[in-house]
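If you number the sequence shown the way the working numbering does, the last residue is 1753 and the count never jumps.
Positions of the beta carbon are idealized from the N, C-alpha and C atoms, including for glycine.
None of these values were measured; they are calculated from a predicted model.
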Amino acid sequence: MDYKTEQFYHNNVNDVFAQYEAVKSPVAQHFPLAFRAGAKVLDIGCGSGRDLKALLDEGYDAFGIEPVEALRLKIIEHSPHLNDRVSSGVLPGIKSVEKYDGVLCSAVLMHIPLGQQLEAFIDLRNLLKIGGRLLLSLPESRNDLDDDFRDPDGRLFLPMDPQRIRLIAEQIGFTFLSQATTADSLGRSGLSWNVLIFEKSSESTRPLDRVESVLKNDRKVATYKLALMRAFCDIAERDENAVEWFPKGYVGMPVAALAECWLAYYWPLVAAPVHIPQSTTDYSDSARPISFRSHLSLLNQQCCAYFDPHSEIAHTLFVLAWKKGTLSNDIARQLKITLTAIRTAIVSGPVKYSAQGEMFWYDNEKKLVMLDVDLWREFCLSGHWIRDSLILRWANLCEHFAKKFDPSVDRGLTLPYLVKENLPEKEQSIARRMYEEHDDLTCVWSDKSITLATMDVDHALPFSLWRNNDLWNLLPAASAVNNQKRDKIPTPELLRKRKEVIVDLWRFANRVEPKVFSFEVERTLGKFRKVSWEEELFQYLSERAAAAIYRRGETAWEYG
1194 MDYKTEQFYH
1204 NNVNDVFAQY
1214 EAVKSPVAQH
1224 FPLAFRAGAK
1234 VLDIGCGSGR
1244 DLKALLDEGY
1254 DAFGIEPVEA
1264 LRLKIIEHSP
1274 HLNDRVSSGV
1284 LPGIKSVEKY
1294 DGVLCSAVLM
1304 HIPLGQQLEA
1314 FIDLRNLLKI
1324 GGRLLLSLPE
1334 SRNDLDDDFR
1344 DPDGRLFLPM
1354 DPQRIRLIAE
1364 QIGFTFLSQA
1374 TTADSLGRSG
1384 LSWNVLIFEK
1394 SSESTRPLDR
1404 VESVLKNDRK
1414 VATYKLALMR
1424 AFCDIAERDE
1434 NAVEWFPKGY
1444 VGMPVAALAE
1454 CWLAYYWPLV
1464 AAPVHIPQST
1474 TDYSDSARPI
1484 SFRSHLSLLN
1494 QQCCAYFDPH
1504 SEIAHTLFVL
1514 AWKKGTLSND
1524 IARQLKITLT
1534 AIRTAIVSGP
1544 VKYSAQGEMF
1554 WYDNEKKLVM
1564 LDVDLWREFC
1574 LSGHWIRDSL
1584 ILRWANLCEH
1594 FAKKFDPSVD
1604 RGLTLPYLVK
1614 ENLPEKEQSI
1624 ARRMYEEHDD
1634 LTCVWSDKSI
1644 TLATMDVDHA
1654 LPFSLWRNND
1664 LWNLLPAASA
1674 VNNQKRDKIP
1684 TPELLRKRKE
1694 VIVDLWRFAN
1704 RVEPKVFSFE
1714 VERTLGKFRK
1724 VSWEEELFQY
1734 LSERAAAAIY
1744 RRGETAWEYG
C-alpha cells in the first residue's frame, strides 16, 4: 500500500470510519453473483468492517484483513464480535496457508503503486481455491487528481482502466465473468466505480474465433494481413505496455512500432538469393511488386556494403547502430524512406481493408492503429502460438503466389526466411562488453562473485520464448547458475527478492549505453520516464514472467 495513503487513513481514522459507516455496502448487491451461498470469503482492505459485516449478515463465512492498524482496532472497538475475524496485513505481501472460496477487494488496488500491482494480483490469486471468485471494485474516474494521481488529501488513486485490469488478471489465470458500473456511495461528484468479477481457473488456452475470422476474410492477394497480425502478436508479447488504452473498448498501437516489425519480417525475404513473392503481382521484374520492396532492397544493399557482405550479419549490425544513433547519413536517410513506405502500406492496405470493419482502424492524427480491445486481448493471451500459425500460413501463401512463375519457391524454401533470428549472439556482445566495465560483477540471481571467464549473459526472459535481446533482459549470471536456469522462468517471488540487484544493473546499463538502453526501454514501455522508468520496467518484467508461468504453463525457477 502507498505510504502517504496509509498515513492519511491512520491520521484521520475517526472521520474515515464514520464516513464509511454512514452508508450501506456499495458492493453487497454483487455478492450473490460473485460468491456461492455460505462461501468462505476474505475481505482485503476491510476499512471500517462495513462490507465484512454485510457478508456475515448474508450468511457468508467472512474474514477481513486491514493494513491500517488504527482502523483495525477501531473495527474491534466498534464490533467486538469481529475480533477473531479481522487480521493485520498489507497487499501485496499477504501470506496465508488458508485458501478461500471468494476474495473481496473493494477500493484497494488504486492505492497500490504501479510497481507492486502485479504482486498484488498474484497474492489475490494465491488466496483463492481453483474455481474461487474475485470481486474487485475500482474507481472509474476522478476529476480532482494532480499529475502524480493524488487527491487533495495526498492519497494515491492510480488510473484503473477495467480493460487493463482484466488483461492482467487473465494473464495469470483468472477467467473474466462480469463487469458493472456503479455510482459513488458517498455521493462524490466526478467519481464512479467499476465492479469486476473473476474466477480462478486452471484453463490455459482461449478460443481464437475472432482472430480466425479476420484471417478467413482475407482475400489472400498479399502477405500484408499476416504481417500485421504477426506484429500484433510480437508487440503484445514483447512491448505490450507500448500501447495506449482508450475508452469505448480500443487500444492504440503506434504505426511506427508496427513498421519496425515489418522491417524485420520482410528484410530476409527481400534479401533472399531467390525472389520470394509477397503478393499475386510481386514476381521477379514485375511492374507491380509490393510497394516497399525497392526501398527495403536498397537499404539492405547499403547495409551489406557498409557493415558486412552477409545480409544477416549486416542486419544485426545495422540494428545495433540504429539503437546507438550511429547510422551513416545515407543509411539513416534510406531507413526513413523505407519506414515511411512501410507505414503507408500498413495503413492503406490491411488496416483500411480489414474485413472486420471497426475491429481495427487508423487514427491519422495520433498515428495509431486502433484495435478492438477484445481482439488485442487474444493476442496478449495467446500470441505466442498464434504467431506460429501465421508463419506457416505465410509460407503457404508465398508458395501459392510462386506457383505460376517459379514452382521451386515452396513453403520449405520460404519458412527459414520467416523465422530468421538474426544471430542473437552478436546482439549479446554489446552486453558482454558493457559488463567488462563493471567494477564489482556478481551473479544477478545468487550474489556470487563472477569474472568474465565465469560469466554468462543470461536472458532473464528466455530468448526461446521472447526472442528479446534488449539490454534490460540481458543480465550477468554465474555460468553454473545459468546452467540451472536455462529456459526456465524466474518466479515473481524471486524477481521481488532480486529487484534491487536487477534495477542496479539496469541503471549501470543506462549509464554505459544510454542511447541503446533508452531506445529499447522506450520501445518496450512506449515511453522513457526519467523519474519512474525503473518501476515501470520492473512491473513489465514481472508481468511477463507471471504470464509465462500462470498462463502458458512454462517451468518456474527459483535459485537454490
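Considering only residues of the region 1311-1372, which uninterrupted beta strand (DSSP E) runs meet the minimum length of 3 residues and lie entirely inside it, listed in chain order? Listed in chain order, they are 1321-1334.
Could you have a look at A1670 and say whether DSSP puts it in helix, strand or coil? One-based indexing of the sequence shown puts residue 1670 at position 477. If DSSP states are grouped into helix, strand and coil, A1670 belongs with the strands.
From D1565, S1289, V1602, R1586, pick the residue whose C-alpha is nearest to that of T1416; which is it? Position 223 of the sequence shown, counted from the start, is the residue given in the question as residue 1416. The residue from D1565, S1289, V1602, R1586 with its alpha-carbon nearest to that of T1416 is R1586.
If you drop the 5 nearest sequence neighbours on each side, which residues of the same chain put their C-beta closer than 8 angstroms to that of R1343? Here residue 1343 corresponds to residue number 150 of the sequence shown, with the count starting at 1. Excluding the 5 residues flanking it on each side, R1343 has same chain C-beta neighbours closer than 8 angstroms at K1197, L1349, F1350, in chain order.
To the nearest angstrom, report how far apart D1195 and L1528 are at their CA atoms. Translated into the one-based positions of the sequence shown, residue 1195 becomes position 2. Translated into the one-based positions of the sequence shown, residue 1528 becomes position 335. Computed Cα separation, rounded: 45 angstroms.
What residues in its chain sit with their C-beta under 6 angstroms from that of D1663, if we drop five residues either side in the sequence? Within the sequence shown, numbered from 1, the residue matching residue 1663 stands at position 470. The residues E1713, in chain order, have a CB closer than 6 angstroms to that of D1663 in the same chain once the five nearest residues on each side in sequence are set aside.
Distance, Cα to Cα, R1399 vs R1722? Here residue 1399 corresponds to residue number 206 of the sequence shown, with the count starting at 1. Here residue 1722 corresponds to residue number 529 of the sequence shown, with the count starting at 1. The predicted position of R1399 is uncertain, since its pLDDT is 48 and thus under 50; no value can be drawn from it.
Considering only C-alpha positions, which residue in the set A1457, C1497, F1701, T1531 is nearest to R1660? Within the sequence shown, the letter at position 467 stands for residue 1660. When each option's Cα is compared against that of R1660, the closest is A1457.
What span of residues does the alpha helix (DSSP H) with H1577 cover, start to end? Working through the sequence shown from its first residue, we reach residue 1577 at position 384. Segment 1566-1595, the alpha helix (DSSP H) holding H1577.
Helix, strand or coil: which one does DSSP assign to L1654? The count along the sequence shown starts at 1 and reaches residue 1654 at position 461. Reduced to three states, the DSSP call for L1654 is coil.
K1708: first and last residue of the uninterrupted alpha helix (DSSP H) it sits in: Position 515 of the sequence shown, counting from 1, holds the residue named residue 1708. Note, K1708: alpha helix (DSSP H), 1707-1718.
Residue of Y1476, V1463, I1469, T1473 minimising C-alpha distance to H1488: Locating residue 1488 in the sequence shown gives position 295, where the first residue counts as 1. Residue V1463 is the option with its Cα nearest to H1488.
Cβ neighbour criterion (16 or more within 10 Å) applied to G1605: The residue given as residue 1605 occupies position 412 in the sequence shown. Exposed, since its Cβ has fewer than 16 Cβ neighbours within 10 Å.
Rounding to the nearest angstrom, what Cα-Cα distance links P1273 and V1206 in this structure? Residue numbering aside, residue 1273 sits at position 80 when the sequence shown is read from its first letter. Residue numbering aside, residue 1206 sits at position 13 when the sequence shown is read from its first letter. Each residue's Cα considered, the two are about 18 angstroms apart.
Report the option in Y1733, G1295, L1421, G1308 whose CA atom is closest to the CA atom of L1564. Your numbering for residue 1564 matches position 371 in the sequence shown. Closest by alpha carbon: L1421.
By DSSP's criteria, D1633 is part of a beta bridge. Which residues make up the other side? To locate residue 1633, count along the sequence shown from 1; it is residue 440. The partner list for D1633 (beta bridge, DSSP) is empty, contrary to what the question assumes.
Tell me the residue span of the alpha helix (DSSP H) that contains W1455. Within the sequence shown, numbered from 1, the residue matching residue 1455 stands at position 262. Where W1455 is concerned, the enclosing alpha helix (DSSP H) starts and stops at 1448-1464.
Based on DSSP bridge pairs, tell me the residues matched to T1375. To locate residue 1375, count along the sequence shown from 1; it is residue 182. Looking at the DSSP assignment, T1375 forms a beta bridge with W1386.
The region 1733-1747 / the region 1305-1317 touching (three or more Cβ pairs under 8 angstroms): The region 1733-1747 makes contact with the region 1305-1317; the number of CB pairs closer than 8 angstroms reaches 3 or more.
Three-state secondary structure (DSSP) of E1727: Locating residue 1727 in the sequence shown gives position 534, counting from the first residue. E1727 falls in the helix class under three-state DSSP.
Below 8 angstroms CB to CB, which residues in the same chain sit around V1637 once its five sequence neighbours on both sides are set aside? Position 444 of the sequence shown, counted from the first residue, corresponds to residue 1637. So the qualifying residues of the chain are D1651, A1653, L1668, P1669, A1670, R1691, V1694, I1695, L1698.
Check for me: the alpha helix (DSSP H) holding S1504 runs from which residue to which? Start at 1 with the first residue of the sequence shown, and residue 1504 comes out as number 311. Residues 1504-1517.
Would you call the CB atoms of S1241 and L1264 closer than 8 angstroms? For the purposes of this step, residue 1241 is taken as the residue at position 48 of the sequence shown. For the purposes of this step, residue 1264 is taken as the residue at position 71 of the sequence shown. In this structure, the beta-carbon distance from S1241 to L1264 falls below 8 angstroms.
Helix, strand or coil, according to DSSP, for I1469 in the structure here? For the purposes of this step, residue 1469 is taken as the residue at position 276 of the sequence shown. Residue state, collapsed to three classes: coil.
Please return the same chain residues whose Cβ sits closer than 7 angstroms to the Cβ of L1370, not counting the five positions on each side in sequence. One-based indexing of the sequence shown puts residue 1370 at position 177. I1390, F1391, E1392.
Apply the 10 Å Cβ neighbour rule to D1478 and answer buried if 16 or more other Cβ atoms are within range, or exposed otherwise. One-based indexing of the sequence shown puts residue 1478 at position 285. So D1478 ends up on the exposed side.
Count the C-beta pairs between the region 1585-1602 and the region 1618-1634 that are closer than 8 angstroms, then say yes if the count reaches three, no if not. Contact fails: fewer than three Cβ-Cβ distances are below 8 angstroms.
The region 1249-1258 / the region 1219-1237 touching (three or more Cβ pairs under 8 angstroms): As far as the Cβ criterion goes, the region 1249-1258 touches the region 1219-1237, which means the pair count is three or higher.
Under 8 angstroms by Cβ, that's how I've got M1353 and L1320 pegged, so tell me the actual separation to the nearest angstrom. In the sequence shown, the residue the question calls residue 1353 occupies position 160. In the sequence shown, the residue the question calls residue 1320 occupies position 127. Their Cβ separation, rounded to whole angstroms, is 20 angstroms, which puts M1353 and L1320 out of contact at 8 angstroms.
Could you spell out the range, first to last residue, of the alpha helix (DSSP H) harbouring E1437? Sequence index remark: in the sequence shown, residue 1437 carries index 244 (1-based). Taken as a continuous stretch (DSSP letters only), E1437 belongs to no alpha helix (DSSP H), being part of the beta strand (DSSP E) at 1437-1439.
Which partner residues does I1742 have in the DSSP bridge list? Mapped onto the sequence shown, residue 1742 falls at position 549. Paired residues: none, contrary to the question.
Can you tell me whether C1497 is helix, strand or coil according to DSSP? Residue mapping note: residue 1497 aligns to position 304 of the sequence shown, counting from 1. C1497: helix per DSSP, three-state reduction.
Say whether chain C places a C-beta atom closer than 8 angstroms to the C-beta of K1292. Looking for chain C here will not work: only one protein chain is present.
For I1268, which three-state DSSP category applies? If you number the sequence shown from 1, residue 1268 lands on position 75. The three-state reading of DSSP puts I1268 in helix, counting H, G and I together.
Looking only at its own chain, which residues have a Cβ that is under 8 angstroms from the Cβ of F1731, when we skip the five neighbours before and after it? Counted from its first residue, the sequence shown places residue 1731 at position 538. Once the five neighbours on either side are set aside, the close Cβ partners of F1731 are G1308, L1688, K1692, I1695, V1696.
What are the boundary residues of the alpha helix (DSSP H) that includes G1308? As a first step, residue 1308 is located in the sequence shown; it is residue number 115 there, counting from the start. Counting along the chain, G1308 falls outside any alpha helix (DSSP H), and DSSP gives it neither H nor E.
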